[in-house]
Ligand code: ADP
Ligand code: MG
């Protein structure tokens, strides 16, 4: 689904991503791992339109998407989850979902005010969709709770839920399990697998927890120092000497 060809991203003289070529296959869950500072988040941000690459190309289903802004990628079904922004934390879980379609930025909030009447007409459909998402994720019992009051894991599920309000095709998750306890990590993992199997989402996930990666991913890409070191099945990756060395070397 996504093909990166020779991506470079330089910050001044520093090569955060240094010639990455890789393929993220449609319909799969692909893991992206590597030591801190390997360039994983930077690569995600290049693919998701947050950063323009210094050079190189990104294609999605054969179309060049290099440098497209996030809202255009969003419209094509390419989503990167973001933490629930401060301004949304006082809104209910349900409201957080209902304001997603149409964009992922503060623009959405603006549209809610400006196009109040249009929104009202769409509201019933959105409400039904949000309810479906809440049930899918097991969050129906907290639908009226302020998003800011959710536990860390529930917030992560809500972030995932926001991707379900639009027609997502590929979702990029950057350390979705960070700071989440084992039980919730498992719940998040289950939701990812079900979205993949039942709703056809393609995923690319950055995660440090190797058990999580091994359980979820069809294949794993390893980055170190801005380059791709290896790609393969989780079981082979953990035995790869270059991979072991990259982790031990930091
Ligand atoms: P990872 O996600 O693999 O831990 P990052 O992609 O966040 O790594 O960072 C890779 C390297 O690029 C790090 O050394 C980081 O300090 C540097 N870096 C990331 N973003 C910027 C930026 N906006 N400006 C300067 N350096 C950056
Ligand atoms: Mg990172």
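Numbering (my numbering), first residue to last: 22 to 271.
Backbone N, C-alpha and C define an ideal beta-carbon position, used for all residues, glycine too.
Exercise. Quick one: is the Cβ of residue 248 within less than 7 angstroms of any heavy atom of the ligand MG?
Worked result: It does not: the Cβ of residue 248 is nowhere closer than 7 angstroms to a heavy atom of the ligand MG.
Exercise. Can you tell me whether DSSP reads residue 196 as helix, strand or coil?
Worked result: Correct three-state label for residue 196: coil.
For this session: List the whole-angstrom C-beta distance separating residue 114 from residue 163, where the pair is believed to meet the contact cut-off of C-beta under 8 angstroms.
Result: For residue 114 against residue 163, the beta-carbon gap comes to about 5 angstroms, under 8 angstroms, which counts as contact.
Problem set entry | Assigned secondary structure, residue 160 (DSSP; H/G/I helix, E/B strand, else coil) | Taken through DSSP and simplified to helix, strand or coil, residue 160 comes out as coil.
For this session: Taking residue 37 as the reference, give the member of 51, 45, 66 with the closest Cα.
Result: Considering only alpha carbons, the answer is 66.
Problem set entry | beta strand (DSSP E) segment containing residue 39, residue limits | That run of the beta strand (DSSP E) goes 35–45.
For this session: Assign residue 62 to one of three DSSP states: helix, strand, or coil.
Result: Note: residue 62 maps to helix in three-state DSSP.
For this session: Please find out if some non-hydrogen atom of the ligand ADP comes closer than 7 angstroms to the beta-carbon of residue 60.
Result: Yes, the beta carbon of residue 60 sits closer than 7 angstroms to at least one heavy atom of the ligand ADP.
For this session: State buried or exposed for residue 218, treating a residue as buried only when at least 16 other CB atoms are found within 10 Å of its CB.
Result: By the neighbour-count rule (16 or more Cβ atoms within 10 Å), residue 218 is not buried but exposed.
Exercise. Closer than 7 angstroms: is that where the CB of residue 37 sits relative to any heavy atom of the ligand ADP?
Worked result: At least one heavy atom of the ligand ADP falls within 7 angstroms of the beta-carbon of residue 37.
Exercise. What's the C-alpha gap between residue 206 and residue 194?
Worked result: Note on geometry: alpha-carbon atoms of residue 206 and residue 194 lie some 13 angstroms from one another.
Exercise. Buried or exposed: where does residue 179 fall if 16 or more other Cβ atoms within 10 Å of its Cβ makes it buried?
Worked result: Buried, since its Cβ has 16 or more Cβ neighbours within 10 Å.
For this session: Can you tell me which of the three DSSP states residue 201 falls into?
Result: Coil.
Problem set entry | Counted within 10 angstroms of its Cβ, other Cβ atoms place residue 117 as buried (16 or more) or exposed | Answer is buried; the Cβ neighbour count reaches 16.
Problem set entry | residue 223 - containing beta strand (DSSP E), residue span | Start and end: 223–227.
Exercise. Near residue 230, which residues of its chain fall below 8 angstroms by C-beta distance, leaving aside the five closest residues on each side in sequence?
Worked result: Short of 8 angstroms from the beta carbon of residue 230, and not among the five residues preceding or following it, lie these beta carbons of its own chain, in chain order: 198, 206.
Problem set entry | Alpha carbon of residue 243 to alpha carbon of residue 97, nearest angstrom | Their backbone Cα atoms lie some 27 angstroms apart in a straight line.
Problem set entry | Near the ligand ADP: residue 200 beta-carbon under 7 angstroms from a heavy atom | No, since every heavy atom of the ligand ADP falls outside the 7 angstroms radius drawn around the Cβ of residue 200.
Exercise. Considering only the beta carbon of each residue, do residue 87 and residue 31 sit closer than 8 angstroms?
Worked result: For the pair residue 87 and residue 31, the CB atoms are not nearer than the 8 angstroms cut-off.
For this session: Excluding the 5 residues preceding and the 5 following residue 125 in the sequence, name in chain order all residues of the same chain whose CB lies nearer than 8 angstroms to its CB.
Result: Confidence at residue 125 is low in this model, with a pLDDT of 41, below 50, so its placement is unreliable and the value that follows should be read with caution. For residue 125, where only same-chain residues beyond five positions count, the Cβ hits under 8 angstroms are 91, 92, 95, 100, 103, 183.
Exercise. On the three-state DSSP scale, how would you describe residue 267?
Worked result: In this structure, DSSP gives residue 267 a helical state, which the three-state scheme calls helix.
Exercise. Quick one: what does DSSP say residue 260 is sitting in, helix, strand or coil?
Worked result: DSSP places residue 260 outside both helix and strand once states are collapsed to three, so it counts as coil.
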